[in-house]
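Note sheet for the following structure.
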Amino acid sequence: MSRISRRRLLRNAAGAALGWVAASVARRAGAVERFVRESPWIRAKPYWGYAIDLTKCIGCARCVDACKTENDVMRRPFYFRTWIERYVIRRNGGVEVESPNGGLDAFGRPAEPKTILKTFFVPKMCNHCENSPCIQVCPVGASYKTVDGTVQVDRRYCIGCRYCIQACPYGSRYFNPVTRTADKCTLCYHRITKGLRPACVEVCPTGTRIFGDLSDPGSPVSRFIRENAVQVLRPEMGTRPKLVYKGLDREVR
Amino acid sequence: MDELFRQLTAALGQVQGFIYPNEVELQWSILIVVYPYVTGLVAGAFILASLERVFNVKAVRPTYRLSLLTALAFLLVAALPLQLHLGHPERSFEIFFTPNPGSAMAMFGFVYAWYLMAVLLLEIWLEYRPQIVRWAASEPWWPKRLAYRLMTLGVDDVSPEALALDDRVGRAITVIGLPSAVLLHGYVGFIFGSVKANAWWSTPLMPVIFLFSAMASGIAAVLLLYMLLSRLRGEKPDMACLDTIGKYFLTAVILAFSLEMLETIQKIYEAKEHMDILALLVQGRLFYSMVLIQVCLGSLAPIVLLGVVQMIDLPGRARRAIYAVCGILSLVGIFAMRWNVVIGGQFYSKSLLGFTAYKVGLAGREGLLSAVGVLILPFILLAGLLYLLLPWGARKPRE
């Protein structure tokens with residue numbers, strides 16, 4: 001091959017590369033116009049959602065109990081698919097949080113009642129994130145999202161590396177010592193796919209927990225989200241939880 | 254399981270502040286501290302070997318083969334702590350067969366296999382090939398002769414042309430191997446650095462920090478092994494070699510330490526919401542292992558001592574003593590660093606309101622004994638490798 005033809009080859013290659021870069025830059029420049037976040041439930045029906053009205057929770061923990069019974073969760077104080085936290089905010093800004101046995105054991109009477117600014121309960125569970133870090137990190141795909149939007153663990157497939165437990169910002173997962181796999185709230189998938197509500201929603205005496213189909217504007221959860229200002233836990237994580245809260249205090253983590 | 258519940262009940266009693274109820278159990282045990290430590294030694298030892306091969310640092314030639322064999326011995330063990338840690342070790346092959354391409358961890362198998370098969374074994378084979386061919390013909394004891402015969406892989410051409418080709422291919426493999434070693438360990442850092450839920454881990458600097466501390470630990474390990482083996486063989490170690498390694502060692506320690514401090518200062522200065530709990534973590538549960546062992550003994554002391562060697566003209570004996578002390582300090586300090594990352598990152602609650610506790614059990618699959626076993630095993634393998642593949646006195650330095 002002569003020198004000139006090699007030079008020409010290089011020049012043509014460089015020209016082609018430059019053209020390709022220019023074309024991709026031009027294409028990217030238009031991307032901003034496509035920035036419309038479309039909800040996944042536009043296409044998938046049903047698409048399950050969940051809401052918690054913190055102004056109604058009385059901390060009775062019937063949900064925690066029902067969950068453990070319904071899903072055969074170990075009755076040890078280290079494994080919870082849902083739990084209740086009690087926040088006590090003091091007048092001096094102090095914050096005390098408790099969740100004795102996930103709320104199943106009685107919350108003690110807070111000390112020095114006169115120094116209390118406010119107290120409230122916060123039920124927690126898997127947020128069934130749209131963009132869930134637990135699914136992202138699972139090396140074998142044992143954590144997955146169902147077509148109807150819930151996040152599940154395939155315990156026949158999970159290798160038990162516990163990476164998903166590390167990746168969940170909400171502490172919603174635990175390592176099940178019996179199955180030796182990751183475990184978490186299934187949103188009572190065995191119930192909701194048969195038209196029933198999750199056990200925690202079923203037993204809640206105050207209507208704190210609201211469940212339903214996000215794709216149906218008439219469902220309880222859709223109405224609740226429409227009629228109330230709702231927040232999510234740790235929005236900065238970019239996980240886009242499908243569990244929303246009403247009345248979330250700034251101190252709640 | 255009763256033992257687990259006893260441990261968890263004890264940990265529950267030691268919880269400070271508030272943690273999410275599922276956080277009592279610390280998920281990644283001491284075995285996951287050992288894992289990045291061992292892979293770090295692999296990467297570090299290999300990078301030291303590459304100095305000679307890729308960058309033509311002739312002075313480190315006496316440690317070239319030892320570095321490669323050390324890297325291999327540790328690499329063979331690297332996956333063991335992970336395997337021991339899994340809830341279902343029998344399903345681990347799923348990582349290869351049905352990997353989740355979005356998962357950093359799923360890539361481990363591929364990076365590991367690539368590095369072991371395509372880089373390390375091949376490079377060692379090419380380096381030793383002429384000798385293996387010779388040993389296969391001359392070894393008197395038949396089992397060993399058979400081992401050498403197998404190791405030739407049926408190739409016994411040792412003509413000058415064949416050897417020249419070996420050398421070219423070997424160099425090409427090292428050139429590929431260097432980024433592979435970087436990838437292997439940088440990737441281990443990424444496993445932690447990419448967990449956004451954990452502020453102690455989540456930083457893009459994590460892979461780079463892991464890499465430079467890996468270099469420091471790998472260099473320290475080879476340096477110590479070289480001095481020890483020389484002594485066992487009744488020979489004086491090559492001082493030019495030790496001094497050169499000492500310089501690279503110092504560089505690696507300074508880089509690793511600077512990056513760690515950069516990350517710490519950045520965290521303190523940014524003072525995000527997790528700063529308070531992280532400060533408490535360092536002042537409390539991690540004070541000894543981090544401030545004392547990792548920073549003072551594992552980083553500052555070697556920097557000062559190795560710096561003294563650079564600045565003052567010390568006699569050979571004193572230099573050797575300093576290298577040995579720094580090597581040990583660095584190996585201990587970097588183990589502490591892995592501990593502080595892996596265990597430290599799990600001590601504090603993601604609620605940022607409290608701490609859990611962790612006590613390493615003695616027995617059990619994830620106990621202290623199995624961690625120590627995993628750390629001793631590479632040395633047994635290395636002894637076997639050294640027995641089969643004598644690293645010294647074989648070939649003159651490459652021209």
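Taken in order, these protein sequences are the chains called A and B. Quick note on my numbering: the first sequence kicks off at 1 and runs consecutively. Quick note on my numbering: the second sequence kicks off at 254 and runs consecutively. Note that the Cβ used here is the ideal one computed from N, Cα and C, for glycine as well.
Taking only beta-carbon atoms, is Glu96/A less than 9 Å away from chain B?
-> With its beta carbon less than 9 Å from one in chain B, Glu96/A belongs to the interface.
Minimum Cβ-Cβ distance from Met459/B to chain A less than 9 Å | Judged by the 9 Å Cβ criterion, Met459/B is not in contact with chain A.
From the DSSP output, read off the bridge partner residues of Leu243/A.
-> Note: Leu243/A sits in a beta bridge opposite Tyr50/A.
How would you label Asn92/A, buried or exposed, when you count the other beta carbons within 10 angstroms and need 16 or more for buried?
-> Exposed is the call here.
What three-state label does DSSP hand Asp183/A in the structure shown?
-> In the structure shown, Asp183/A falls within a strand segment according to DSSP collapsed to helix, strand and coil.
Is the CB of Thr456/B under 9 Å away from at least one CB in chain A?
-> Closer than 9 Å: no.
Completely contained alpha helix (DSSP H) runs for the region 439-490 of chain B, where each covers 4 or more residues | Listed in chain order, they are 459-485.
Unbroken alpha helix (DSSP H) run spanning Lys520/B, endpoints | That run of the alpha helix (DSSP H) goes 492-523.
Closer than 8 Å at the beta carbon, the chain B residues around Phe175/A | For the C-beta of Phe175/A, the chain B residues within less than 8 Å are, from N- to C-terminus, Glu278, Gln280, Gly340.
So, Leu559/B versus Ile581/B, is the Cβ gap smaller than 9 Å?
-> Contact flag unset, no.
For Ser143/A, which of helix, strand or coil comes out of DSSP?
-> In the displayed model, Ser143/A falls within a strand according to three-state DSSP.
Can you tell me whether DSSP reads Arg648/B as helix, strand or coil?
-> Unreliable positioning characterises Arg648/B in this predicted model, as indicated by a pLDDT of 46, which lies under 50. The coordinate reading is nonetheless provided below. Looking at Arg648/B - three-state DSSP - the assignment turns out to be coil, as it is neither helix nor strand.
Taking buried to mean at least 16 other C-beta atoms within 10 Å of its own C-beta, is Ala647/B buried or exposed?
-> Interpretation of Ala647/B is limited by its pLDDT of 48, a score under 50 that renders its predicted location unreliable; the figure taken from the coordinates is listed afterwards. Label assigned to Ala647/B: exposed.
Taking Gly212/A as part of the beta strand (DSSP E), name the residues at either end of that continuous run.
-> Unbroken beta strand (DSSP E) run through Gly212/A: 209-213.
Chain A residues whose Cβ lies nearer than 9 Å to that of Ser470/B = Correct list: empty, because the minimum Cβ distance to chain A is about 24 Å.
Ala357/B beta carbon less than 9 Å from that of Val203/A = Using a Cβ distance threshold of 9 Å, Val203/A and Ala357/B do not count as a contacting pair.
Option in Ala263/B, Trp281/B, Val625/B with minimal Cα separation from Phe600/B = Looking at the Cα atoms, Trp281/B is the closest of the given residues.
Same chain, Cβ closer than 7 Å to Leu278/B, five either side skipped, listed in chain order = According to the sequence provided, residue 278/B is Glu. The question's Leu does not apply to it. The residues are Leu261.
Taking DSSP as the reference, what is the three-state secondary structure of Gln280/B?
-> Reduced to three states, the DSSP call for Gln280/B is coil.
Cβ shell of Tyr401/B (< 7 Å), same chain only, five flanking positions each side left out | So the qualifying residues of the chain are Ile385, Trp388, Ala389, Glu392.
Is the Cβ of Cys129/A closer than 9 Å to any Cβ of chain B?
-> False, the Cβ-Cβ gap to chain B never drops below 9 Å.
Gln166/A to Thr239/A, Cα distance in whole Å?
-> Cα-Cα distance, rounded: 14 Å.
So which of Thr146/A, Asp183/A, Ser172/A has the shortest CA-CA distance to Ala44/A?
-> Looking only at Thr146/A, Asp183/A, Ser172/A, the smallest Cα-Cα distance to Ala44/A is reached by Thr146/A.
Please list, in chain order, all residues of the same chain as Ser583/B whose beta carbon is under 7 Å from its beta carbon, the five residues on each side excluded.
-> The beta carbon of Ser583/B sits closer than 7 Å to the beta carbons of Ala469, Ser470, Ala473, Val506, Gly551, Pro555 from its chain, once the five residues preceding and following it are set aside; these are given in chain order.
Does the beta-carbon of Phe80/A have 16 or more other beta-carbons within 10 angstroms, so that it is buried, or is it exposed?
-> Buried, because 16 or more other Cβ atoms sit within 10 Å of the Cβ of Phe80/A.
Determine the chain A residues that contact Gly355/B at a beta-carbon separation under 7 Å, and present them in chain order.
-> Against chain A, the beta carbon of Gly355/B has neighbours under 7 Å at Gln136, listed in chain order.
Run the CB neighbour count on Cys549/B, radius 10 Å, all protein chains shown included, and call it buried at 16 or more, exposed below.
-> Exposed, since its Cβ has fewer than 16 Cβ neighbours within 10 Å.
Report the neighbours of Ser99/A on chain B: residues whose CB is nearer than 8 Å to its CB, in chain order.
-> Correct list: Phe271, Tyr273, Pro274.
Tell me whether Thr55/A sits in a helix, a strand or coil according to DSSP, three-state version.
-> If DSSP states are grouped into helix, strand and coil, Thr55/A belongs with coil.
Measure from the C-beta of Pro235/A to each C-beta in chain B and report whether the shortest distance is under 9 Å.
-> By this cut-off, Pro235/A is not an interface position.
Leaving aside the five residues before and after Tyr174/A along the sequence, list all residues of the same chain whose C-beta is less than 8 Å from its C-beta, in chain order.
-> If we look at Tyr174/A and ignore the five residues flanking it on each side, its Cβ neighbours are Phe78, Tyr79, Phe80, Ile165, Ala182, Asp183, Lys184.
Buried/exposed call for Ser5/A, threshold 16 Cβ in 10 Å = Counting the other Cβ atoms within 10 Å of the Cβ of Ser5/A gives fewer than 16, which makes it exposed.
Quick one: residues in its chain with C-beta nearer than 6 Å to the C-beta of Ala302/B, no 5 flanking neighbours on either side, listed in chain order?
-> Answer for Ala302/B: Tyr317, Ser320, Leu321, listed in chain order.
Compare the C-beta of Asn593/B against all C-beta atoms of chain A and say whether one is closer than 9 Å.
-> Closer than 9 Å: no.
Consider the Cβ of Phe258/B: report whether some Cβ of chain A lies at a distance smaller than 9 Å.
-> Yes, because at least one Cβ of chain A sits closer than 9 Å to the Cβ of Phe258/B.
Interface partners of Ile348/B on chain A, CB under 8 Å = Simply Pro139, Val140, Ile159.
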